[in-house]
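As structure tokens, the structure follows; a few thoughts come after it.
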Amino acid sequence: MVMRSVEELVRAEAAGQRLKYVYFWGHEPRRDGRIGGSCLSQWWPAEFTVDGLTFPTAEHFMMHRKALLFGDEETAARILRARHPNEAKTLGREVRGYDEEVWAANRFDIVVAGNLAKFGQHALPGRFLIGTGDRVLVEASPLDRIWGIGLTADDGRATSPTTWQGANLLGFALMAVREELVGTNLIGGWEKPRITIVEYDAAWPVRFREERSRIRKALGAKALRVDHVGSTAVPGLAAKAIVDIQVSVDDVEDDAGYLPQLEAAGYHLRVRQPDHRMVRTEQLDVHVHLCTAGGRWERDHLLFGDWLRATPADRHAYEKLKRELATREWFDMNQYAEAKGDLIDEILGRAREWADRTGWTVDRPRE
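Structural data, given as structure tokens:
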């Protein structure tokens, strides 16, 4: 159960519970384009839509809903037009009819609603949030004693909720969002994995061919492509003994067009994310990833495998990281996958340059 207050954290710590923290503050995206803790900020630039209205940031949503809460539609309209979250925040302070008690009773739920939309409509930030697992999210802002803890992350007092100087409402709101996303994205919730990396097994491509036949029988022409992806598709690469298969369909968001057939064939839905679904076998030894044909998900996974097969140095670096990560304890398999993200992005950068240079396409011959 997600904790909702500093007092609950203090009680948990006093009871001997080991708490782990993720500190964040600041909203600027990383220069390399990778997703980091700054995506947790209310000011993070991530446009999303709610009830037909588009919000540039979660701060815009929060201030817009604040204005509507007090019936100030004129200010609400101005907030929608604000070019920067700081401008939206300033307008929020000008809301007519404001009542502190009413706002205090509603603000938390408003922030949760806005961030559910933000993270639900942006796959990579959503994966980052889910990947924080059961850790306590802490806005380490020395300037905010309501939404943050009133301390920087490097302040010694930030290590324990007993010495925080603020209520950390944003951290608690994001943990509520994370719990909701886990229920939506990870069907069945968290699963504590035991990750074992084994040497490459020639039986893996055989298993792929068996499952490919099963998938094609279930989906027929709806399966536009069925490809062996992931580490078990790379000869010589050590991996978890789980065969990953990618199925390209016309529109992955149209679940009704393919999920019933796959479930009838014995697969079970595990992951539902924007641009991606994953079903798996009862034995958990085959993961079938569904994506939209021609999309980036399809391209990147095929390119990654082709590049690793052709590039021993990156193949060895990837294996080394997987073996190291396998020695750690993980809250969920998706958390383990997220930990590989930086190296995967780095390798994909080289692979994309190679693809542009050589004219690589998804249709190049492979099994």
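Going by numbering that gives the first Met the number 0, the first residue of the sequence shown is number 0, and it counts up by one from there.
Glycine is no exception: its CB is placed at the ideal position from the N, C-alpha and C atoms.
Please identify the residue among the options whose C-alpha is closest to the C-alpha of residue i.
i    : options                   : result
V49  : Q120, I343, D341 and Q245 : Q120
E262 : D249, M277, V248 and P273 : M277
L18  : G25, L8 and A232          : L8
I241 : V197, L324, Y257 and L258 : V197
G370 : Q272, G70, P44 and W146   : The structure shown does not extend to residue 370, since the chain is modelled only from 0 to 366, so the question has no answer here.
Y317 : S159, E93, A238 and R295  : A238
A232 : V94, R224 and Q245        : Q245
Q282 : E210, A312 and G304       : E210
V270 : I34, E6, G125 and F47     : G125
R365 : R314, A338 and L301       : L301
D226 : V361, E6, G51 and C38     : V361
G348 : A11, G170 and D31         : D31
D143 : W163, E72, V181 and L180  : W163
G132 : E93, T158, W353 and M174  : M174
T56  : N85, A14 and E73          : N85
D299 : E323, K319, A14 and G340  : G340
T161 : T310, A13, A325 and E352  : A13
V205 : L258, P234 and G51        : P234
R363 : R224, L258, Y257 and R10  : R224
Does the beta-carbon distance from residue i to residue j come in below 7 Å?
i    : j    : result
R279 : H288 : no
A202 : I214 : no
W306 : A350 : yes
Q334 : G130 : yes
E329 : P192 : It should be noted that the sequence gives Trp, not Glu, for residue 329. It is a contact, given that the beta carbons lie within the stated cut-off.
N114 : V176 : yes
I109 : R64  : yes
A122 : Q260 : no
A220 : A264 : no
S247 : C290 : yes
Y199 : L168 : no
A116 : F47  : yes
G293 : V228 : no
A139 : T158 : no
A338 : L324 : yes
I148 : V135 : no
Measure how close the beta-carbons of residue i and residue j come, nearest whole angstrom, since I'm counting them as under 8 Å.
i    : j    : result
I78  : L68  : Contact flag wrong, Cβ pair sits at about 12 Å.
A75  : A66  : 4 Å
D313 : W296 : Not a contact, Cβ separation roughly 20 Å.
W43  : H59  : Rounded, the Cβ-Cβ distance is 11 Å, inconsistent with contact.
F23  : S4   : So it is not a contact: roughly 19 Å between Cβ atoms.
V94  : D71  : 5 Å
F127 : L180 : Not confirmed; about 11 Å, so no contact.
A172 : V111 : 5 Å
For residue i, which three-state DSSP category applies?
i    : result
V270 : strand
V137 : strand
S159 : coil
M2   : coil
Y22  : strand
A238 : strand
V94  : coil
L289 : strand
H83  : coil
F47  : strand
Q260 : helix
H300 : helix
T74  : helix
L169 : helix
R276 : strand
L52  : strand
R224 : strand
I244 : strand
V251 : coil
E233 : It should be noted that the sequence gives Val, not Glu, for residue 233. Looking at V233 - three-state DSSP - the assignment turns out to be coil, as it is neither helix nor strand.
V197 : strand
K65  : helix
H121 : coil
D355 : helix
G132 : coil
P28  : coil
E346 : With the sequence shown as reference, residue 346 is identified as Ile, and Glu is not the correct amino acid for it. I346 falls in the helix class under three-state DSSP.
L307 : helix
V361 : coil
A152 : coil
D108 : helix
L218 : helix
Q334 : helix
Using a Cβ-based criterion (distance less than 6 Å to any ligand heavy atom), does residue i qualify as near the ligand ATP?
i   : result
R77 : The ligand ATP is absent from the structure shown, which contains no ligand whatsoever.
Can you find at least 3 beta carbon pairs, one from the region 343 to 361 and one from the region 251 to 264, that sit closer than 8 Å? The answer is no - the region 251 to 264 does not touch the region 343 to 361, with fewer than three Cβ pairs under 8 Å.
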